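In what follows, a structure is listed as structure tokens, so that the remarks can point back to it.
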Amino acid sequence: MTSNSTASIQHEIYQVVALIPRGKVATYGQIAALAGFPRHARLVGYALNRQLAPDSELPWHRVINAQGRLSLHKLDMNAENLQRFKLEQEGIQFVNDRIDLKQYRWQP
DNA sequence: TTAGTGACGTCCC
DNA sequence: AGGGACGCCACTA
1 MTSNSTASIQ HEIYQVVALI PRGKVATYGQ IAALAGFPRH ARLVGYALNR
51 QLAPDSELPW HRVINAQGRL SLHKLDMNAE NLQRFKLEQE GIQFVNDRID
101 LKQYRWQP
């Protein structure tokens, strides 16, 4: 690992993401704040990138950006298609490639 | 060490 | 509405 502090941060991020219920979504910034690291939205992306595996227990697909859009295409367009598929399977509706956060945002 | 980068967010126009 | 300019901060070369 590059540093043990980031390892613990990642651990906190995973714990929060694991709490997102089926059929709901959260933003990167929301996850960072809930994990106790405000303004670290980008770190959430880095952390999830390491968990990007088909057999991952983590509901990484329920994390989207503050615009209600998917951001994964910059890295892996194929993975983004999977993310959208998983979300739609949970009953989340896309309107013009966008999710209505007022309706679907997770509120702990 | 420094500079560039990025699964982001907010502000401004 | 939607796009651009910054701000942010860990990571990488």
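Residue numbers (full-length UniProt numbering): 1 to 108.
Backbone N, C-alpha and C fix where the C-beta goes; we use that ideal spot for every residue, glycine too.
This structure is a prediction, so every number in the text was calculated from the model and none was measured.
Short check: CB of residue i to CB of residue j, under 9 angstroms?
i   : j   : result
L72 : A79 : yes
Q30 : R84 : no
Q67 : R22 : no
I13 : A32 : yes
Would you call residue i buried or exposed, if buried means 16 or more other Cβ atoms sit within 10 Å of its Cβ?
i   : result
G45 : buried
A18 : exposed
L34 : buried
T6  : exposed
L75 : exposed
V95 : exposed
P38 : exposed
Pick from the options: whose alpha carbon is nearest that of residue i?
i   : options                : result
V63 : V25, D100, F85 and Q89 : V25
L70 : L101, L58 and V16      : L101
Which residue comes first and which comes last in the alpha helix (DSSP H) that contains residue i?
i    : result
Q103 : L101 to Y104
Going residue by residue through the stretch 15-83, where are the continuous alpha helix (DSSP H) segments of at least 4 residues, counting only ones entirely within it? 28-34 and 41-50
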